[in-house]
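**Q** Residue numbers (the numbering used here): 625 to 812. Built from N, CA and C at the ideal position, the CB exists for glycine as well.
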């Protein structure tokens with residue numbers, strides 16, 4: 625079991641400069657998507673990630689820079705107990721890079737800690753499952769597992785499908801996409 629306890633002092637409040645309304649809209653247009661990353665927190669929580677999928681599930685914590693940090697594989701029907709914090713996001717991937725869900729979400733943010741009657745922490749279950757993949761996603765995964773990468777160009781299939789097959793799963797790209805989606809959702 626690995627413990628993740630990172631303590632730092634909370635950021636100090638700095639008074640915001642007084643800006644004209646037009647400046648706010650100009651800033652919003654220039655603002656890049658907020659990165660998906662851990663924030664400082666003094667609120668520990670205790671989680672038990674339970675792999676309900678049929679594949680090994682790799683647990684990824686997104687650090688304070690938004691970079692994924694692996695906490696290893698969780699075998700099917702096994703669990704990983706984790707001491708973490710409320711503002712620390714987690715992502716899960718199958719061994720072939722396919723997306724997995726934690727409590728039915730692509731990005732899992734822990735819930736507040738719960739304690740037993742005598743004050744002992746209670747590890748809250750978080751279920752890691754496979755989403756319902758589309759037929760194309762299933763076929764792409766199957767073909768990738770059966771055909772060597774250098775032989776994909778030899779397949780007699782439409783060019784678009786060849787491109788999909790040669791584009792391997794990329795966790796960093798997925799994190800950027802999730803960050804962008806989150807920024808759009810937060811702005812609405």
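Measuring straight from C-alpha to C-alpha, what distance separates residue 748 and residue 728?
**A** Distance between the alpha carbons of residue 748 and residue 728 is about 15 Å.
**Q** Between residue 744 and chain B, is any beta-carbon pair separated by less than 9 Å?
**A** No chain B is present in this structure, which holds just one protein chain.
**Q** Closer than 8 Å is the cut-off here; do at least three beta carbon pairs connect the region 699-712 with the region 670-681?
**A** Yes, the region 699-712 is in contact with the region 670-681.
**Q** Mapping the DSSP letters down to three states, classify residue 702 as helix, strand or coil.
**A** If DSSP states are grouped into helix, strand and coil, residue 702 belongs with coil.
**Q** Go ahead and pull the three-state DSSP assignment for residue 809.
**A** It is helical.
**Q** Let me know the secondary structure DSSP gives residue 717 once reduced to three states.
**A** Reduced to three states, the DSSP call for residue 717 is strand.
**Q** Looking only at its own chain, which residues have a Cβ that is under 8 Å from the Cβ of residue 637, when we skip the five neighbours before and after it?
**A** The predicted model places residue 637 with a pLDDT of 36, which falls under 50 and marks its position as unreliable; any figure quoted below should be read in that light. For residue 637, where only same-chain residues beyond five positions count, there are no Cβ hits under 8 Å.
**Q** Considering only C-alpha positions, which residue in the set 706, 688, 690 and 793 is nearest to residue 696?
**A** Looking at the Cα atoms, 706 is the closest of the given residues.
**Q** With burial defined as no fewer than 16 other Cβ atoms inside 10 Å of the residue's Cβ, what is the status of residue 775: buried or exposed?
**A** With fewer than 16 other Cβ atoms within 10 Å, it is exposed.
**Q** Using the Cβ count rule (16 or more neighbours within 10 Å means buried), how would you classify residue 735?
**A** Under this definition residue 735 is an exposed residue.
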